[in-house]
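Asks:
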Amino acid sequence: MVHRVYVWTDIALIREGEHRCSDSPALLLPVAGKASWRLNGQAPDMMDADMYILPTHTIASFENASGESWSAFLVSFKSVAVIESGNQRENDRVAADVVQELYTPSISRMIGFAEQLFEGRHVTHEPEAYSLHTLFQKMMQVVLEALNSSNQSLEYGAIEAVKRSIAYMDQTMAEPIDFAKQAEQCRLSLRHYSRLFTKLTGLSPTNYRIRSRVAEAKKLLTLTSESVQQVAAKSGFSDPFHFSRTFKRHVGVSPRLYVHLHREHSRIAVYQYLGELLALGVKPVGAPKLLLSGKYVRPLVDGIAETGSTVVMPDMERLKGVAPDAIFTFDGFHYDQYSRIAPTLNIEWSQPAFSRFKQVASLTGRERQADEWMERYADQVQEVRRQLRKSLGTEPTVSFWYIREFPNQFDVYYDREMMYDDLGLNPPPTIDQARRERLQLPFKESKNIAEMPLYAGDYMFVVVDSQARELFEQYRKGAIWRNLQAVKSGRVHVLTRDWLYVDPISRLGQMKELPQLIRA
Numbered sequence: 001m002v003h004r005v006y007v008w009t010d011i012a013l014i015r016e017g018e019h020r021c022s023d024s025p026a027l028l029l030p031v032a033g034k035a036s037w038r039l040n041g042q043a044p045d046m047m048d049a050d051m052y053i054l055p056t057h058t059i060a061s062f063e064n065a066s067g068e069s070w071s072a073f074l075v076s077f078k079s080v081a082v083i084e085s086g087n088q089r090e091n092d093r094v095a096a097d098v099v100q101e102l103y104t105p106s107i108s109r110m111i112g113f114a115e116q117l118f119e120g121r122h123v124t125h126e127p128e129a130y131s132l133h134t135l136f137q138k139m140m141q142v143v144l145e146a147l148n149s150s151n152q153s154l155e156y157g158a159i160e161a162v163k164r165s166i167a168y169m170d171q172t173m174a175e176p177i178d179f180a181k182q183a184e185q186c187r188l189s190l191r192h193y194s195r196l197f198t199k200l201t202g203l204s205p206t207n208y209r210i211r212s213r214v215a216e217a218k219k220l221l222t223l224t225s226e227s228v229q230q231v232a233a234k235s236g237f238s239d240p241f242h243f244s245r246t247f248k249r250h251v252g253v254s255p256r257l258y259v260h261l262h263r264e265h266s267r268i269a270v271y272q273y274l275g276e277l278l279a280l281g282v283k284p285v286g287a288p289k290l291l292l293s294g295k296y297v298r299p300l301v302d303g304i305a306e307t308g309s310t311v312v313m314p315d316m317e318r319l320k321g322v323a324p325d326a327i328f329t330f331d332g333f334h335y336d337q338y339s340r341i342a343p344t345l346n347i348e349w350s351q352p353a354f355s356r357f358k359q360v361a362s363l364t365g366r367e368r369q370a371d372e373w374m375e376r377y378a379d380q381v382q383e384v385r386r387q388l389r390k391s392l393g394t395e396p397t398v399s400f401w402y403i404r405e406f407p408n409q410f411d412v413y414y415d416r417e418m419m420y421d422d423l424g425l426n427p428p429p430t431i432d433q434a435r436r437e438r439l440q441l442p443f444k445e446s447k448n449i450a451e452m453p454l455y456a457g458d459y460m461f462v463v464v465d466s467q468a469r470e471l472f473e474q475y476r477k478g479a480i481w482r483n484l485q486a487v488k489s490g491r492v493h494v495l496t497r498d499w500l501y502v503d504p505i506s507r508l509g510q511m512k513e514l515p516q517l518i519r520a
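The sequence shown finishes on residue 520 if you use the UniProt record's numbering, and the numbering steps up by one all the way, no holes.
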């Protein structure tokens with residue numbers, strides 16, 4: 001019999017900043033990115049759990065981890081006793097007085113439930129509203145299961161037995177293994193063994209075995225001169241074809257291309273990701289003019305051949321002429337044509353910028369260089385934040401626009417990671433609301449100039465395309481522009497296209513210039 005039910009009262013998609021649980025507890029469900037948080041004024045701490053239960057009156061302040069755009073669903077709910085028994089507060093395991101960190105294997109289901117709840121949050125008519133209540137009960141079932149799991153003390157001996165099993169697997173990479181026998185030797189059921197194994201490693205036994213074998217193969221490919229067939233056998237793959245397919249699925253490239261990319265002087269041509277490779281210490285052999293002309297990468301591109309005009313307009317003959325070992329493209333552009341020249345790697349552009357950077361680093365075997373670069377960038381973020389706090393004082397809003405050659409239009413940027421995520425600058429309310437409430441938000445949108453007042457910040461950064469200078473002068477003479485508060489206050493900064501580049505080197509250069517621009 002159910003003694004207590006939980007009724008959701010509100011849901012919000014939250015990002016960096018301060019948030020409160022005013023008169024009810026809340027379920028905090030991180031969706032993307034990483035963040036540190038400060039609870040009720042306490043020292044900041046990294047967020048590592050799958051989800052959290054926050055007590056009533058909790059004040060939580062969140063800050064993006066460097067290079068990560070964090071977001072989470074915050075679901076407020078009320079706890080209702082169906083059957084009165086004893087001390088109701090003590091009997092309520094969910095609405096406790098302390099923050100509860102929870103882990104669950106059903107986190108993807110939870111996020112899916114939360115997205116449905118968020119989409120239907122304004123529904124008031126039956127039976128649709130009741131279906132949302134039912135959906136929330138499914139979420140609370142996962143929460144209660146997670147509470148049960150976290151409250152059960154796992155036997156020390158069982159954990160130690162699984163640890164020994166993991167060590168045995170690591171020492172017998174090339175030998176076949178029977179997980180049922182491993183569980184039996186640990187005196188555990190296969191399900192219990194698998195659960196503890198996953199708790200210790202973050203992976204199922206099968207996925208851990210595959211990952212370990214692939215890691216061993218990567219080491220052999222780069223440190224020895226053995227053939228692909230020999231590497232396959234030594235890392236536990238009896239079939240070279242299965243090895244190549246598994247390796248590509250997990251690493252993103254074939255074993256042979258992996259060897260090429262990890263050479264000290266690999267010949268790579270790029271149609272995006274020039275700044276990413278340069279930040280990793282890799283100089284490509286070819287790139288389009290658009291990327292080579294960027295202000296912030298220009299000092300580093302001597303000797304790189306021009307193999308096209310833009311990232312989507314390659315010069316195939318010039319590309320052939322540089323004889324690349326590999327070609328980097330994005331969103332599938334010209335993939336088939338490039339693949340006829342050299343093995344081609346496609347990286348989706350829709351990811352956060354630093355996720356793309358890390359993927360490039362992983363593909364080229366330069367994860368360590370990427371980590372070191374990110375650490376230096378994080379130090380610079382803190383320094384620029386300090387400078388901005390000193391010069392800005394209060395918390396003004398900041399907007400970023402792009403003026404192109406289309407009459408009566410301007411592009412407003414919702415996603416300026418360096419400004420809004422790294423430095424924690426505040427977007428104007430209209431942009432902030434869109435960032436919080438729209439799940440599939442594009443990084444920019446075209447707007448009519450009549451909407452300029454809605455998207456103007458206290459400080460405005462405006463990129464004007466070279467072909468739109470006359471149009472921009474017309475805007476500046478109009479009443480809409482002249483009545484913007486930032487214009488009246490002299491806080492509009494007109495920028496070149498160099499500020500549209502979002503590669504790591506350009507991002508760092510822009511960030512370093514920002515305090516000086518604002519003080520000007």
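Positions of the beta carbon are idealized from the N, C-alpha and C atoms, including for glycine.
From a predicted model like this one, the values you see are computed outputs, not experimental measurements.
What is the DSSP secondary structure of Met374, counted as helix, strand or coil?
Replies: helix
Asks: Out of Tyr103, Gly112, Phe472, point me to the one whose CA is closest to Ala146's CA.
Replies: Tyr103
Asks: Phe237 and Arg213 look like a contact to me (Cβ under 8 Å); what is the Cβ gap, rounded to whole Å?
Replies: 7 Å
Asks: If you compare alpha carbons, which of Thr307, Lys283, Leu278 is closest to Lys289?
Replies: It is Thr307 whose Cα lies nearest to the Cα of Lys289.
Asks: Where does the unbroken beta strand (DSSP E) through Ile505 begin, and where does it stop?
Replies: It is not in any beta strand (DSSP E) - Ile505 instead sits in the alpha helix (DSSP H) that spans 504 to 519.
Asks: How would you write the range of the alpha helix (DSSP H) that Thr198 sits in, first residue to last?
Replies: 190 to 201
Asks: Express the C-alpha separation of Gly509 and residue 532 in angstroms, rounding to a whole number.
Replies: With the chain covering only 1 through 520, there is no way to say anything about residue 532.
Asks: Going straight from the alpha carbon of Gly490 to that of Asp498, what length do you get?
Replies: 22 Å
Asks: Give the DSSP-derived three-state secondary structure of Glu128 in the structure shown.
Replies: helix
Asks: Given that a residue counts as buried once 16 or more other Cβ atoms are within 10 Å of its Cβ, and exposed if not, what is Met1?
Replies: exposed
Asks: Do you know how far the Cα of Arg38 is from the Cα of His250?
Replies: 36 Å
Asks: Going by alpha carbons, who is nearest to Ala233 out of Gly275, Glu184, Gln182, Thr172?
Replies: Thr172
Asks: Please determine, among Glu184, Asp23, Pro30, the residue with the shortest C-alpha to C-alpha distance to Asp48.
Replies: Distances from the CA of Asp48 to each of Glu184, Asp23, Pro30 were compared; the closest alpha carbon is that of Pro30.
Asks: Can you give me the Cβ contacts of Leu392 inside the same chain, cut-off strictly under 8 Å, excluding the 5 residues immediately before and after it?
Replies: Ile518
Asks: Considering Thr9, what are the terminal residues of the beta strand (DSSP E) in which it resides?
Replies: 4 to 14 is the extent of the beta strand (DSSP E) around Thr9.
Asks: For the structure I just gave you, are there three or more beta carbon pairs, one from the region 291 to 306 and one from the region 355 to 370, closer than 8 Å?
Replies: no
Asks: For Leu500, which residues from the same chain have a beta carbon less than 8 Å from its beta carbon, with the 5 sequence-adjacent residues on both sides left out?
Replies: Tyr402, Val463
Asks: Within 10 Å of its beta-carbon, does Asn408 have 16 or more other beta-carbons around it, so buried, or fewer, so exposed?
Replies: exposed
Asks: Tell whether a beta-carbon distance below 7 Å holds between residue 542 and Glu126.
Replies: Summary: the structure shown does not reach residue 542, with the chain confined to residues 1 through 520, and so no result is reported for it.
Asks: Between the Cα of Thr430 and those of Gly478, Val398, Phe241, Val80, spot the shortest distance and give me the residue it belongs to.
Replies: Val398
Asks: Does the beta carbon of His192 come closer than 7 Å to any beta carbon on chain B?
Replies: Protein chain content of the structure displayed is limited to a single chain, and chain B is not contained in it.
Asks: Tell me the residue span of the beta strand (DSSP E) that contains Trp481.
Replies: Element bounds for Trp481: not the beta strand (DSSP E) but the alpha helix (DSSP H), 479 to 482.
Asks: What does the Cβ neighbour count give for Ile159, buried or exposed, with the cut at 16 atoms within 10 Å?
Replies: If you draw a 10 Å sphere on the C-beta of Ile159, you find fewer than 16 other C-beta atoms in it, and that means exposed.
Asks: Under three-state DSSP, which class holds Tyr414?
Replies: coil
Asks: In terms of alpha-carbon separation, which member of Tyr413, Leu423, Ala378 lies closest to Leu388?
Replies: Closest option to Leu388, judged by alpha-carbon separation, among Tyr413, Leu423, Ala378: Leu423.
Asks: State yes or no: is the C-beta of Gly275 within less than 7 Å of the C-beta of Ile505?
Replies: yes
Asks: Can you tell me whether Phe400 is buried or exposed? The criterion is at least 16 other CB atoms within 10 Å of its CB, across all chains shown.
Replies: buried
Asks: Hey, how far is the Cα of Glu101 from the Cα of Met110?
Replies: 15 Å
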